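Novice: If you scroll down you'll find the structure; I have some questions about it.
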Amino acid sequence: MGDIKVGGLYSESKNLMLGRVHEKGDHGLSFKNVFQEELREVNRLQIESDEMTKQLILGETDNIHDVMIKTTEATLALEMTVQVRNKIVEAYQEIMRMQI
Amino acid sequence: MRIFKAFEISTSGLTAEKLRMDTISSNIANSGTTRTEDGGAYKRKIAIFKENLHKEVDSHSGIRRIVSKGVKVHSVIQDEETPMKVVYNPSHPDADNEGYVEMPNVNILNEMVDMIAATRAYEANVTALNASKAMFVKALEIGK
Numbered sequence: 001m002g003d004i005k006v007g008g009l010y011s012e013s014k015n016l017m018l019g020r021v022h023e024k025g026d027h028g029l030s031f032k033n034v035f036q037e038e039l040r041e042v043n044r045l046q047i048e049s050d051e052m053t054k055q056l057i058l059g060e061t062d063n064i065h066d067v068m069i070k071t072t073e074a075t076l077a078l079e080m081t082v083q084v085r086n087k088i089v090e091a092y093q094e095i096m097r098m099q100i
Numbered sequence: 101m102r103i104f105k106a107f108e109i110s111t112s113g114l115t116a117e118k119l120r121m122d123t124i125s126s127n128i129a130n131s132g133t134t135r136t137e138d139g140g141a142y143k144r145k146i147a148i149f150k151e152n153l154h155k156e157v158d159s160h161s162g163i164r165r166i167v168s169k170g171v172k173v174h175s176v177i178q179d180e181e182t183p184m185k186v187v188y189n190p191s192h193p194d195a196d197n198e199g200y201v202e203m204p205n206v207n208i209l210n211e212m213v214d215m216i217a218a219t220r221a222y223e224a225n226v227t228a229l230n231a232s233k234a235m236f237v238k239a240l241e242i243g244k
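In order, the protein sequences belong to chains A and L.
Mapping the first sequence onto my numbering, position 78 (from 1) lands on 78, and the numbers just tick up by one.
Adding 100 to a residue's 1-based position in the second sequence gives its number in my numbering.
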């Protein structure tokens, strides 16, 4: 992902237009960090769902609805990740297509 | 994850209704039980639910607030109100000197109605869960 900061893109391009070069360094949360954190969360949900399914198969749990809900949560989280990724790629391509 | 809060609440409802169903099954299964650990005939069990509130501090604003976490099972109590059924059956090993046997205070008809209520409540929780899932999926379609 490199150093792409979608959130800060506008202010950075404004700074460039004004002749100010943005100094390196993170001011607060960068998009990359937030995204990484969320990816970790999605991964955690996937592992949790795996664990629950395993428990159900081994007969360690009798709550089928818990397993179903965890699986649904994992599916939805992944779906959302894919959507966010699509938006990032879309934004990136939009910029790459820009005429200079 | 906070976005799945509605899921958690529905899950608590499903778990509670499942326990209610277990209690009803136990009542029906023991409707003819004359011997228990405590002595005497089986007494009808009732599941008591309680609202599950949780105190929480907002990580951004630091404001304390009370949020709902759904429902939790408070306790399972024995029905002491309904009188025990007494049946005349002198050949029964648990009959008293006059030939009467104390039978559980379980009324199958009541249990059937409770069972329908539990099943429907479970279904309602599943419907609520599916609705929140549909909302989430719809939200992902924004801007497509």
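No residue lacks a Cβ here, since even glycine has one placed at the ideal position from N, Cα and C.
This one's a predicted model, so the numbers in the text were calculated from it and none came from an experiment.
Taking the straight line between their C-alpha atoms, what separation do you get for residue 160 of chain L and residue 103 of chain L?
Specialist: Start at 1 with the first residue of the second sequence, and residue 160 of chain L comes out as number 60. Start at 1 with the first residue of the second sequence, and residue 103 of chain L comes out as number 3. Their backbone Cα atoms lie some 16 Å apart in a straight line.
Novice: Apply the 10 Å Cβ neighbour rule to residue 127 of chain L and answer buried if 16 or more other Cβ atoms are within range, or exposed otherwise.
Specialist: Position 27 of the second sequence, counted from the start, is the residue given in the question as residue 127 of chain L. The residue is buried, with at least 16 neighbouring Cβ atoms inside 10 Å.
Novice: Per DSSP, which one or two residues make a beta bridge with residue 173 of chain L?
Specialist: For this step, residue 173 of chain L is matched to residue 73 along the second sequence. Bridge partners of residue 173 of chain L: L:149.
Novice: Determine, using beta carbons only, whether residue 52 of chain A comes closer than 8 Å to chain L.
Specialist: Taking the first sequence and counting its residues from 1, one reaches residue 52 of chain A at position 52. Chain L, which has no Cβ nearer than 8 Å to the Cβ of residue 52 of chain A, makes this no.
Novice: If I measure Cβ to Cβ from residue 24 of chain A and keep anything under 8 Å in the same chain, skipping five residues before and after, which residues do I get?
Specialist: Taking the first residue of the first sequence as 1, we reach residue 24 of chain A at position 24. Because the pLDDT at residue 24 of chain A is just 49, under 50, the model does not fix this residue reliably, and the value given afterwards should be weighed accordingly. Within the same chain, residue 24 of chain A has no close Cβ partners at all.
Novice: Please report the straight-line C-alpha distance between residue 108 of chain L and residue 133 of chain L, rounded to a whole angstrom.
Specialist: For the purposes of this step, residue 108 of chain L is identified with residue 8 of the second sequence, where counting begins at 1. For the purposes of this step, residue 133 of chain L is identified with residue 33 of the second sequence, where counting begins at 1. One C-alpha to the other measures close to 37 Å.
Novice: Beta carbons nearer than 8 Å to chain L: which residues of the segment 45–76 of chain A have them?
Specialist: Of all residues in the segment 45–76 of chain A, 45, 63, 65, 66, 69, 72, 73, 76 have a Cβ within less than 8 Å of some Cβ in chain L.
Novice: Report yes or no: is there a C-beta of chain L within less than 8 Å of the C-beta of residue 102 of chain A?
Specialist: Residue 102 of chain A falls outside the range modelled here, since chain A spans only 1 to 100, and no answer is possible.
Novice: Per DSSP, what kind of secondary structure is residue 44 of chain A in: helix, strand or coil?
Specialist: To locate residue 44 of chain A, count along the first sequence from 1; it is residue 44. The answer is helix: DSSP assigns residue 44 of chain A an H, G or I state.
Novice: Can you find the residues in the same chain that come closer than 6 Å, C-beta to C-beta, to residue 117 of chain L, ignoring five residues on each side of it along the sequence?
Specialist: Numbered from its first residue, the second sequence carries residue 117 of chain L at position 17. Hits under 6 Å: 218, 221, 222.
Novice: Would DSSP call residue 98 of chain A helix, strand or coil?
Specialist: For the purposes of this step, residue 98 of chain A is identified with residue 98 of the first sequence, where counting begins at 1. DSSP places residue 98 of chain A in coil when its eight states are reduced to three.
Novice: Check residue 168 of chain L in the structure and name its three-state DSSP category.
Specialist: Walking along the second sequence from the start, residue 168 of chain L turns up at place 68. DSSP places residue 168 of chain L in strand when its eight states are reduced to three.
Novice: From this set, L:138, L:148, L:139, which residue's C-alpha is nearest residue 121 of chain L's C-alpha?
Specialist: In the second sequence, residue 121 of chain L corresponds to position 21, counting from 1. When only C-alpha atoms are compared, the closest one is L:148.
Novice: Using alpha carbons as the reference points, say which of L:106, L:105, L:124, L:163 lies closest to residue 213 of chain L.
Specialist: Within the second sequence, residue 213 of chain L is the residue found at index 113, counting from 1. Per the Cα distances, L:124.
Novice: Can you name the residues of chain L whose CB is closer than 8 Å to the CB of residue 79 of chain A?
Specialist: Residue mapping note: residue 79 of chain A aligns to position 79 of the first sequence, counting from 1. Within chain L, the residues near residue 79 of chain A are 237, 240.
Novice: For residue 189 of chain L, I'd like the list of residues in its chain whose CB is within less than 8 Å of its CB, leaving aside the five on either flank, ordered along the chain.
Specialist: Along the second sequence, one-based indexing puts residue 189 of chain L at 89. So the list reads 195, 199, 200, 201, once near-sequence residues are dropped.
Novice: Strictly by DSSP, which residues pair up with residue 93 of chain A?
Specialist: As a first step, residue 93 of chain A must be located in the first sequence, where it is residue number 93. DSSP lists no partner for residue 93 of chain A.
Novice: In the DSSP assignment, the alpha helix (DSSP H) including residue 185 of chain L goes from what residue to what residue?
Specialist: One-based indexing of the second sequence puts residue 185 of chain L at position 85. Residue 185 of chain L -> not in any alpha helix (DSSP H); beta strand (DSSP E) instead, spanning 185–188.
Novice: How about residue 113 of chain L and residue 225 of chain L: do their beta carbons lie closer than 8 Å?
Specialist: What you label residue 113 of chain L is simply residue 13 of the second sequence in a count that begins at 1. What you label residue 225 of chain L is simply residue 125 of the second sequence in a count that begins at 1. Result yes, Cβ atoms of residue 113 of chain L and residue 225 of chain L sit closer than 8 Å.
Novice: Can you list the residues of chain A that residue 114 of chain L reaches, using a CB-CB cut of under 7 Å?
Specialist: By 1-based counting over the second sequence, the position of residue 114 of chain L is 14. Those are 65, listed as they occur along chain A.
Novice: Return helix, strand or coil for residue 269 of chain L, following the three-state DSSP convention.
Specialist: This structure does not reach residue 269 of chain L, given that chain L is present from 101 up to 244, and the question cannot be answered.
Novice: To the nearest angstrom, how far is it from the Cα of residue 47 of chain A to the Cα of residue 137 of chain L?
Specialist: Taking the first sequence and counting its residues from 1, the one referred to as residue 47 of chain A is at position 47. Taking the second sequence and counting its residues from 1, the one referred to as residue 137 of chain L is at position 37. Near 43 Å, if we compare the C-alpha coordinates of residue 137 of chain L and residue 47 of chain A.
Novice: Start and end of the alpha helix (DSSP H) containing residue 237 of chain L?
Specialist: Along the second sequence, one-based indexing puts residue 237 of chain L at 137. Segment 208–240, the alpha helix (DSSP H) holding residue 237 of chain L.
Novice: Note down the Cα distance separating residue 22 of chain A from residue 110 of chain L, rounded to an integer number of angstroms.
Specialist: For the purposes of this step, residue 22 of chain A is taken as residue 22 along the first sequence, with counting starting at 1. For the purposes of this step, residue 110 of chain L is taken as residue 10 along the second sequence, with counting starting at 1. Low confidence applies here, because residue 22 of chain A scores a pLDDT of 46, under 50, leaving its location unreliable and the question unanswered by this model.
Novice: How close, in whole Å, do the beta carbons of residue 229 of chain L and residue 79 of chain A come, if the pair is a contact with beta carbons under 8 Å?
Specialist: Indexing the second sequence from 1 puts residue 229 of chain L at position 129. Indexing the first sequence from 1 puts residue 79 of chain A at position 79. At roughly 16 Å, the Cβ-Cβ gap does not stay under 8 Å, so residue 229 of chain L and residue 79 of chain A are not in contact.
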